[in-house]
Amino acid sequence: MTENQPQAPITSMDGWRDQWMAARQNPDAFWLARTRELIQWRTEPTQGLHGDFSTIKDGPLTWFADGKLNITESCLDRHAAATPDKTAILWEGDEPGDVQHISFAQLLEKVCRLADALGKLGIQKGDRVIIYMGMVPEAAVAMLACARIGAIHSVVFGGFSAEALRDRVRDCGAEVVITQNVGRRGGRNIPLKAVTDEALEGERGVKGVIVFKRTDDETPMVEGRDHWWHDVCANASPNTPATECDAEDALFILYTSGSTGKPKGVVHTCGGYITYATYTHKTVFGIQPDDVYACVADVGWITGHSYIVYGPLSNGVTTLMFESTPMYPDAGRYWDMVQRHKINVFYTAPTAIRAIAAHGDDFVTKYDRSTLRVLGTVGEPINPEAWQWYHDSPGEGRCAVVDTWWQTETGGICITPIAGATPTKPGSATLPMPGINPVLMQADGSGKVMWGPGEGHLCIEYPWPGQARTVWNDHPRFVATYFQTYPNYYFTGDGCKRDDDGYHWITGRVDDVLNVSGHRMGTAEFESALLIRDEVAEAAVVGYPHPIKGQGVYAYIVLQPGQEATDELPKLLQQEVRTNIGVVAKVDKFQFIPGLPKTRSGKVMRRILRKIAEGQPDAIGDTSTLADPSVVETIKAGYQG
Ligand code: PRX
6 MTENQPQAPI
16 TSMDGWRDQW
26 MAARQNPDAF
36 WLARTRELIQ
46 WRTEPTQGLH
56 GDFSTIKDGP
66 LTWFADGKLN
76 ITESCLDRHA
86 AATPDKTAIL
96 WEGDEPGDVQ
106 HISFAQLLEK
116 VCRLADALGK
126 LGIQKGDRVI
136 IYMGMVPEAA
146 VAMLACARIG
156 AIHSVVFGGF
166 SAEALRDRVR
176 DCGAEVVITQ
186 NVGRRGGRNI
196 PLKAVTDEAL
206 EGERGVKGVI
216 VFKRTDDETP
226 MVEGRDHWWH
236 DVCANASPNT
246 PATECDAEDA
256 LFILYTSGST
266 GKPKGVVHTC
276 GGYITYATYT
286 HKTVFGIQPD
296 DVYACVADVG
306 WITGHSYIVY
316 GPLSNGVTTL
326 MFESTPMYPD
336 AGRYWDMVQR
346 HKINVFYTAP
356 TAIRAIAAHG
366 DDFVTKYDRS
376 TLRVLGTVGE
386 PINPEAWQWY
396 HDSPGEGRCA
406 VVDTWWQTET
416 GGICITPIAG
426 ATPTKPGSAT
436 LPMPGINPVL
446 MQADGSGKVM
456 WGPGEGHLCI
466 EYPWPGQART
476 VWNDHPRFVA
486 TYFQTYPNYY
496 FTGDGCKRDD
506 DGYHWITGRV
516 DDVLNVSGHR
526 MGTAEFESAL
536 LIRDEVAEAA
546 VVGYPHPIKG
556 QGVYAYIVLQ
566 PGQEATDELP
576 KLLQQEVRTN
586 IGVVAKVDKF
596 QFIPGLPKTR
606 SGKVMRRILR
616 KIAEGQPDAI
626 GDTSTLADPS
636 VVETIKAGYQ
646 G
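With this note's numbering applied, the sequence shown covers 6 to 646.
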């Protein structure tokens, strides 16, 4: 493969092996060739990677550092010029059949108008803008409008609370918030503007709020601060020029949960991220120019960033945005959309697959799925039964199923089958993308790399363009979280098995991160919310296997002396969690216990709590290091099965 030759699609295992080897042998040449062929640069980069995992403590590594671009020219301008009338965003609203087609030319104009409006509110290159919206096309317009002028967006999922929103506004120092009066989901209103108002009370740093009018519901506006989207855009330029950015200028911040503390603002930069999102989207799904591509995630998560907005638009294909839920009005909604929109590639999460599978095949078979070619899954381990159902029922046994493993931090898909090339095994994410070198570490803390089949902690050995560069305002936290456990490796936080064929089977998080319905949340966030209530002395939260959600949330509560576990208390605790994190966060089971199992040095032995919550009390192992081993018997006896 010579440097500037466009890469042939991967259609066989030999093709995969050739590209994987090419990327391994000369990563700079591989990625420079990919970015030149896929991305519209103003100044093409001549440099590949600078820095590596051993130097990351001294500062972020860089890719394509001498390149200049504005990523909206890849996502919009080039397609608006070549295929102006082609649908860029195909929007399906909450009510079936409430549909909009927005062409590339129209999308570019909308983006330019909002970009100009942001500029008039004083937003400049490098400034931060929070986007707190539902799944309306305007959410994508808002992201791209920020990118157009080099502003850094941070999308906050609409299911997060005012507290969570305020934390993020403060952490990134946002000057403008873009929201909508209400969101619509499953026939109900989501009070996005009201939550924004609550979050911004007393926040002096925010100088403007732009409000998209989704419905005619009455919406109180704050004089001098709030502006209707339609007003500011009506008076704005439809031709706002794109601001030239460095490859390593930040494109967005996305907050994500870890083992400790508050969510971290993971930073992705322009050149490497757009290259990786574009390349992986095209390669994994085998995207064809006329595809109707549907990823039914939410733009509040990384999947929505990379595979609803940036990857598909950069590849110039029609991307669906879905406002509703897989269950509204019934469990056939996905396949109804597949039939009506003639969808070719469909990408969802195991939770949704399990939930709709439980409603039976009739909801699937009554719709025509003959256009489908590829079915993707992401966000959590998919159990082989759910995989098989997805393959056999919606996929009619003929579609490629791609189980894509990746993370907010990786920017794009890292371990996955390539549609039409990789032989699959139900439940396995299979093999790495070209440019990704996964390594398993022995889980015994020895820090030794494992060779051949086995189970260990999943790390990645070498940098790739799409990876997060830092944590906003806290590079030491970035280094400590990802590069200290296994020096010179990126540690994913996931466990993984590798079989005799070198296939990867992700087993789930090995740290204190929960994955509930594909939503990533920290046990520490739950615990600090629970501790806010005066009745609570100590709290420990763990996950347990849940048949639909993947993981459920189990909270152990130690009350203050003199407090009683009344019937009301779980509701009050639940409310506190909701207030502090959002409607996405729900404790499934509470158990009130006299004390936590602690070692003599005071460390909570979470392993014991996990095993009991998992319903495996006999597997808790050695308890001899506990200060008071008798506490374990009491906890076992009170298990909320
Ligand atoms: O545990 C893994 C799980 O989701 C985590 C990343 O969550 P988040 O940053 O929110 O990004 C989700 C969407 C990319 C991972 O550490 N995960 C993601 N995809 C898979 C998965 N677990 C198993 N199989 C997958 N395909």
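Every residue gets a Cβ at the ideal spot worked out from N, C-alpha and C, and that includes glycine.
For residue i, the three-state DSSP class (helix, strand or coil)
| i | result |
| --- | --- |
| Gly-416 | coil |
| Met-342 | helix |
| Ser-635 | helix |
| Thr-7 | Unreliable placement is indicated for Thr-7, whose pLDDT of 46 sits below 50; the coordinate value is still reported in the next sentence. Correct three-state label for Thr-7: coil. |
| Ile-550 | First, the residue type needs correcting, since residue 550 is Pro and not Ile in the sequence shown. Pro-550 falls in the strand class under three-state DSSP. |
| Trp-469 | coil |
| Asp-408 | strand |
| Thr-67 | strand |
| Tyr-395 | helix |
| Gly-229 | coil |
| Tyr-508 | coil |
| Leu-601 | coil |
| Trp-477 | coil |
| Ile-15 | coil |
| Tyr-260 | strand |
| Arg-503 | strand |
| Phe-531 | helix |
| Tyr-137 | strand |
| Lys-641 | helix |
| Met-446 | strand |
Any non-hydrogen atom of the ligand PRX within 7 angstroms of residue i CB
| i | result |
| --- | --- |
| Gln-412 | yes |
| Gly-191 | no |
| Trp-306 | yes |
| Asn-388 | no |
| Arg-514 | yes |
| Asn-31 | no |
| Arg-503 | no |
| Glu-385 | yes |
| Ile-511 | yes |
| Ala-391 | no |
| Arg-121 | According to the sequence shown, residue 121 is Asp rather than Arg. No; taking the cut-off as 7 angstroms, the Cβ of Asp-121 has no heavy atom of the ligand PRX nearer than that. |
| Asp-499 | yes |
| Asp-408 | yes |
| Thr-280 | no |
| Thr-51 | no |
| Thr-427 | no |
| Thr-528 | no |
| Pro-434 | With the sequence shown as reference, residue 434 is identified as Ala, and Pro is not the correct amino acid for it. Ala-434: yes, Cβ under 7 angstroms from the ligand PRX. |
| Asn-585 | no |
| Arg-230 | no |
| Arg-482 | no |
| Arg-5 | Nothing about residue 5 can be reported from this structure: the residues present for the chain run from 6 to 646 only. |
| Thr-261 | yes |
| Thr-382 | yes |
Residues bridged to residue i (per DSSP)
| i | result |
| --- | --- |
| Phe-496 | Cys-464 |
| Ala-560 | Val-546, Phe-595 |
| Cys-275 | Answer is none; Cys-275 lacks a bridge partner. |
| Phe-217 | Gln-185 |
| Val-350 | Tyr-298, Val-379 |
| Thr-323 | Val-297 |
| Ser-329 | Per DSSP, none; premise fails for Ser-329. |
| Trp-96 | Gln-105, Met-326 |
| His-524 | Val-521 |
| Ile-387 | Looking at the DSSP assignment, Ile-387 forms no beta bridge with any residue, so it has no partner. |
At a cut of 8 angstroms, does the stretch 274-286 reach the stretch 327-338 through at least three beta carbon pairs?
no
Does the stretch 178-193 come close enough to the stretch 341-357 to have 3 or more Cβ pairs within less than 8 angstroms?
no
Can you find at least 3 beta carbon pairs, one from the stretch 353-372 and one from the stretch 389-408, that sit closer than 8 angstroms?
yes
Is it true that the stretch 414-422 meets the stretch 461-478, where meeting means three or more beta-carbon pairs spaced less than 8 angstroms apart?
yes
I'd like to know if the stretch 599-615 and the stretch 576-584 are in contact, where contact means that at least 3 CB-CB pairs between them fall below 8 angstroms.
no
Would you call the stretch 521-530 and the stretch 392-411 touching, i.e. three or more CB-CB distances under 8 angstroms?
no
Inter-stretch contact at 8 angstroms, needing at least 3 Cβ pairs: the stretch 283-297 / the stretch 255-265
No, they do not touch.
Please confirm if the stretch 22-29 is in contact with the stretch 429-443, defined as three or more CB-CB distances below 8 angstroms between the two stretches.
yes
Closer than 8 angstroms is the cut-off here; do at least three beta carbon pairs connect the stretch 246-255 with the stretch 209-218?
Flag = no, the stretch 246-255 and the stretch 209-218 do not touch.
Counting pairs of Cβ atoms below 8 angstroms between the stretch 120-130 and the stretch 139-158, do you hit three or more?
At 8 angstroms Cβ cutoff, the stretches touch.
Do the stretch 58-67 and the stretch 77-96 make contact, defined as three or more Cβ pairs closer than 8 angstroms?
Here the stretch 58-67 does not lie against the stretch 77-96, with fewer than 3 beta-carbon pairs under 8 angstroms apart.
Using 8 angstroms as the Cβ pair cut-off and three pairs as the minimum, do the stretch 134-151 and the stretch 92-99 touch?
yes
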